[in-house]
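Encoded as structure tokens, the structure appears first; notes follow it.
Residue numbers (the UniProt record's numbering), protein chains in the order written: chain A, 1 to 233; chain B, 1 to 233.
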């Protein structure tokens with residue numbers, strides 16, 4: 001274990017606190033060495049049983065990006081129907097949910113549940129540890145993108161069957177995320193959904209229990225700062 | 001977006017590269033402010049639709065830790081049966097799969113799939129985005145633990161029903177991980193499963209495709225270092 005200096009530690013917390021989900025990009029190309037750092041960060045994520053179930057499909061050509069953007073827009077319009085009559089339809093339709101055409105690069109991150117064979121260590125009890133491992137990789141990518149001065153947006157508006165067809169992905173492979181990456185001029189200091197008053201940040205103290213579910217920790221864990229206080233903004 | 005200094009950036013990559021899954025801990029107590037930083041890092045993870053589906057149950061008392069350790073051990077012995085006759089049973093039984101009794105703290109991280117209401121933005125298409133969001137929070141906790149000079153181990157050997165019973169967790173809440181945290185004298189520079197020759201790290205180049213699944217990127221993306229080269233060790 002290599003102890004981090006105070007400044008190094010600060011860098012990690014800055015990335016964790018300030019990382020945002022971005023949908024607005026500049027068209028400037030991304031230097032390959034930055035993409036390499038993001039992918040290497042992904043590959044150093046933990047994975048249950050060291051199964052490393054991820055693959056990364058780099059999409060940069062316009063027709064493929066357009067096909068992915070179209071399938072995201074189809075899903076956006078389908079979801080709008082579910083907001084009809086809830087009073088949230090207009091505000092939903094005003095939200096920008098993806099920036100695939102703007103971003104120079106979209107990475108489709110996949111999960112192969114068969115990797116590692118029949119009995120992956122630690123996946124016997126909880127099969128979804130494969131997709132959880134891929135999610136850890138995605139978070140590493142997000143933090144690495146931040147460190148490389150790049151913005152990343154996670155698009156989850158699509159039918160997996162559509163993405164499989166567009167990217168020629170085999171039926172047993174799960175396309176778990178479309179990640180758009182690029183430079184941006186708009187990197188907000190709060191989550192977009194908070195800015196647009198769609199949702200607000202929960203009070204961390206209310207989410208922490210001691211010993212048993214429902215046993216509030218707030219009166220016993222005085223050392224816990226509230227979520228505004230740490231990590232530093 | 002606050003640009004990281006080279007040293008700050010280095011801190012992030014050090015944490016990403018050197019973070020390990022640990023099962024051997026010292027009994028020394030953890031300062032509450034370090035636990036607070038780890039929980040705050042978790043709460044700053046991305047979540048689809050800003051649903052923040054996580055809760056954290058802090059377990060420090062011996063009887064509860066013992067009950068969790070027992071249920072992990074039951075599951076370990078159950079898995080051993082599946083390795084019978086595969087030639088891997090002895091090496092499986094030699095692996096230490098959890099350190100719940102050694103670690104002063106185990107955090108049960110849960111996922112509430114009902115949080116955020118009926119139509120969580122972006123969860124319409126991919127319901128497992130709730131558990132993926134929790135996984136991003138877990139990765140943040142792991143990196144924050146590293147920054148705080150603490151070791152963390154992800155235990156996924158248990159039946160969820162057992163953990164629900166022990167921690168009084170409601171039936172609709174998913175106990176997705178048991179995370180043991182503490183100081184350690186043994187922080188290896190490679191994954192434990194690699195050291196014990198259980199599994200090896202995949203070649204990152206083989207996991208990257210360009211444009212379509214199966215379209216090898218290696219001949220076109222010369223800028224990509226191999227996974228040994230970056231992030232720096």
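Quick reminder that beta carbons are idealized off the backbone N, C-alpha and C, glycines included.
Does residue 237(A) get closer than 8 Å to chain B when you measure Cβ to Cβ? Residue 237(A) falls outside the range modelled here, since chain A spans only 1 to 233, and no answer is possible.
I'd like the list of long-range same chain contacts for residue 121(B), defined as Cβ closer than 6 Å, with 5 residues on each side in sequence excluded. Numbered from its first residue, the second chain carries residue 121(B) at position 121. Correct list, in chain order: 49.
Please determine, among 60(A), 3(A), 28(A) and 46(A), the residue with the shortest C-alpha to C-alpha distance to residue 179(A). On the first chain, position 179 is the one that residue 179(A) refers to. Out of 60(A), 3(A), 28(A) and 46(A), 60(A) has the C-alpha closest to the C-alpha of residue 179(A).
DSSP state of residue 168(A), grouped into three classes? Within the first chain, the letter at position 168 stands for residue 168(A). Of the three classes helix, strand and coil, the one that applies to residue 168(A) here is coil, per DSSP.
Look at residue 157(B) and residue 98(B) and say whether their C-beta atoms are less than 8 Å apart. The residue you call residue 157(B) lines up with position 157 of the second chain. The residue you call residue 98(B) lines up with position 98 of the second chain. Cβ atoms of residue 157(B) and residue 98(B): closer than 8 Å.
Closer than 7 Å at the beta carbon, the chain A residues around residue 75(B): Taking the second chain and counting its residues from 1, the one referred to as residue 75(B) is at position 75. The contacting residues are 125.
Mind checking which residues open and close the alpha helix (DSSP H) that includes residue 11(A)? For the purposes of this step, residue 11(A) is taken as the residue at position 11 of the first chain. First-last of the alpha helix (DSSP H) with residue 11(A): 6–18.
Residue-level contact to chain A via CB, residue 216(B), 8 Å cutoff: Stepping through the second chain from its first residue, residue 216(B) is reached at position 216. Taking Cβ atoms only, chain A never reaches closer than 8 Å to residue 216(B), which makes this a no.
On the three-state DSSP scale, how would you describe residue 32(B)? For the purposes of this step, residue 32(B) is taken as the residue at position 32 of the second chain. Correct three-state label for residue 32(B): helix.
Checking 8 Å against the spacing of the C-beta atoms, do residue 175(B) and residue 104(B) come in under that value? Along the second chain, read from residue 1 onward, the residue named residue 175(B) stands at position 175. Along the second chain, read from residue 1 onward, the residue named residue 104(B) stands at position 104. No; because the gap between Cβ atoms is not below 8 Å, this pair is not in contact.
Residues in its own chain within less than 7 Å of residue 30(A) by CB, not counting five upstream and five downstream? As a working mapping, residue 30(A) is identified with position 30 in the first chain. For residue 30(A), where only same-chain residues beyond five positions count, the Cβ hits under 7 Å are 104, 105, 150, 181 and 182.
Cβ neighbour criterion (16 or more within 10 Å) applied to residue 208(A): Mapped onto the first chain, residue 208(A) falls at position 208. It is buried - the Cβ of residue 208(A) has at least 16 other Cβ atoms within 10 Å.
For chain A, check one thing: does any of its Cβ atoms lie closer than 8 Å to the Cβ of residue 180(B)? Walking along the second chain from the start, residue 180(B) turns up at place 180. No, residue 180(B) does not count as interfacial toward chain A.
For residue 89(B), I'd like the list of residues in its chain whose CB is within less than 7 Å of its CB, leaving aside the five on either flank, ordered along the chain. Position 89 of the second chain, counting from 1, holds the residue named residue 89(B). Hits under 7 Å: 80 and 83.
Which chain B residues sit within Cβ distance under 9 Å of residue 197(A)? Counted from its first residue, the first chain places residue 197(A) at position 197. Simply none; closest approach about 11 Å.
Please go through the same chain and pick out, in chain order, the residues whose beta-carbon is closer than 6 Å to the beta-carbon of residue 115(A), but skip the five residues on each side of it. The residue given as residue 115(A) occupies position 115 in the first chain. Within the same chain, residue 115(A) has close Cβ partners 51 and 53.
Along the chain, where does the alpha helix (DSSP H) containing residue 151(B) start, and where does it finish? Here the question's residue 151(B) lines up with position 151 in the second chain. Careful: residue 151(B) lies outside any alpha helix (DSSP H), inside the beta strand (DSSP E) at 151–155.
Could you tell me whether any Cβ in chain A is nearer than 8 Å to the Cβ of residue 25(B)? In the second chain, the residue the question calls residue 25(B) occupies position 25. Closer than 8 Å: no.
Are the C-beta atoms of residue 109(B) and some chain D residue less than 8 Å apart? The question asks about chain D, but that chain is absent: this structure's protein chains are A and B.
For residue 322(A) and residue 177(A), which I take to be in contact (beta-carbon distance under 8 Å), what is that distance rounded to the nearest angstrom? Examination of residue 322(A) is not possible in this model, given that chain A is present from 1 through 233 alone.
For chain B, find out if any of its Cβ atoms is closer than 8 Å to the Cβ of residue 81(A); answer yes or no. Taking the first chain and counting its residues from 1, the one referred to as residue 81(A) is at position 81. For residue 81(A), the answer is no, since every Cβ of chain B falls outside 8 Å of its Cβ.
Have a look at residue 190(A) and residue 91(B) and give me their C-alpha separation to the nearest angstrom. Indexing the first chain from 1 puts residue 190(A) at position 190. Indexing the second chain from 1 puts residue 91(B) at position 91. Going from the Cα of residue 190(A) to the Cα of residue 91(B) covers about 48 Å.
Below-8 Å beta-carbon distance, residue 100(A) vs any chain B residue: Taking the first residue of the first chain as 1, we reach residue 100(A) at position 100. Not one chain B Cβ lies under 8 Å of residue 100(A).
Do residue 41(B) and residue 141(B) have their beta-carbon atoms positioned less than 8 Å apart in this structure? One-based indexing of the second chain puts residue 141(B) at position 141. One-based indexing of the second chain puts residue 41(B) at position 41. Contact flag set, yes.
Members of the segment 44–60 of chain A near chain B, C-beta cut-off 8 Å: 44, 45, 46, 48, 49, 50, 51, 52, 54, 55, 56, 57, 58, 59 and 60
Alpha carbon of residue 217(B) to alpha carbon of residue 35(B), nearest angstrom: To locate residue 217(B), count along the second chain from 1; it is residue 217. To locate residue 35(B), count along the second chain from 1; it is residue 35. Computed Cα separation, rounded: 42 Å.
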